[in-house]
Amino acid sequence: MAERQIVVAMDAREGSREAFLWALDNLIKQGDHVTLLNVRPTRATILPTRADVSASSGNQGDDDDGYMLAMEQILNDLVHKAHELFPGLKVDKAIKSGDPKHVVLDEVVVRDAAALVMSSRGLSPVQRTFLGSVSDYCSRNADCAVIVVRGKAAQGFHSASVP
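Those letters in the sequence shown? Residues 18 to 180, by the working numbering.
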């Protein structure tokens, strides 16, 4: 049987970690190939906020380095958790930049994914209108199964976080 490709879209939020733990308990199995994908939005893909304007006055290179180091640590911790549960599981890490909606879907196509797992930020209808929802967009446009794990719904439904 061919290995299944599973893409898990990750960011630094707890909801992403919960979605990954849910996937470990309910979807991922030995023999799968998992990609932990983080997409850092470029400034052109997000609406600027006061925090963005303040941050942009500093050295962008330092900010990028700090982000990469923090995200790398988060992904490394999750790879370790996956290997505790599934020794030998193939897990790739990918950190990309661009419009998350499009980068996630591109990765799903490139990897010929059987499933995409992601969390939801829980945007209000107004925020969704202006900012757009990555999970809504991906669930409508991906050519694979899309599982959106919503915050509190994931808690208590997985054992992967139990020591």
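A virtual CB, placed ideally from N, CA and C, is assigned to each residue, including glycine.
To the nearest angstrom, how far is it from the Cα of residue i to the Cα of residue j?
i: residue 163; j: residue 103; result: 22 Å
i: residue 153; j: residue 98; result: 28 Å
i: residue 56; j: residue 101; result: 25 Å
i: residue 155; j: residue 115; result: 15 Å
i: residue 150; j: residue 47; result: 31 Å
i: residue 126; j: residue 120; result: 10 Å
i: residue 19; j: residue 90; result: 30 Å
i: residue 45; j: residue 128; result: 16 Å
i: residue 30; j: residue 40; result: 16 Å
Less than 8 Å between C-beta atoms, sequence neighbours within five positions excluded: which residues of the same chain meet that for residue i?
i: residue 96; result: 53, 108 and 110
i: residue 59; result: 114, 115 and 116
Determine the burial state of residue i: buried for a count of at least 16 other Cβ atoms within 10 Å of its Cβ, exposed for fewer.
i: residue 118; result: buried
i: residue 94; result: exposed
i: residue 22; result: buried
i: residue 70; result: Low confidence applies to residue 70: its pLDDT is 39, below 50, so where it sits in the model is not reliable, and the reading given next is rough at best. Exposed, because fewer than 16 other Cβ atoms sit within 10 Å of the Cβ of residue 70.
i: residue 35; result: buried
i: residue 28; result: buried
Using only the heavy atoms of the ligand GTP, determine whether one of them is closer than 7 Å to the beta carbon of residue i.
i: residue 59; result: Ligands displayed in this structure: none; no statement on the ligand GTP is therefore possible.
Take residue i and list the residues in its own chain whose beta-carbon comes closer than 7 Å to its own, dropping the five residues that flank it on each side.
i: residue 105; result: none
Sorted by chain position, which residues of the same chain lie with C-beta nearer than 6 Å to residue i's C-beta, five sequence neighbours on each side aside?
i: residue 87; result: none
i: residue 160; result: none
Compute the distance between the beta-carbons of residue i and residue j, then report whether it is under 8 Å.
i: residue 133; j: residue 158; result: no
Evaluate contact between the stretch 35-52 and the stretch 81-92, counting only Cβ atoms and requiring at least three cross-stretch pairs below 8 Å. The stretch 35-52 is not in contact with the stretch 81-92.
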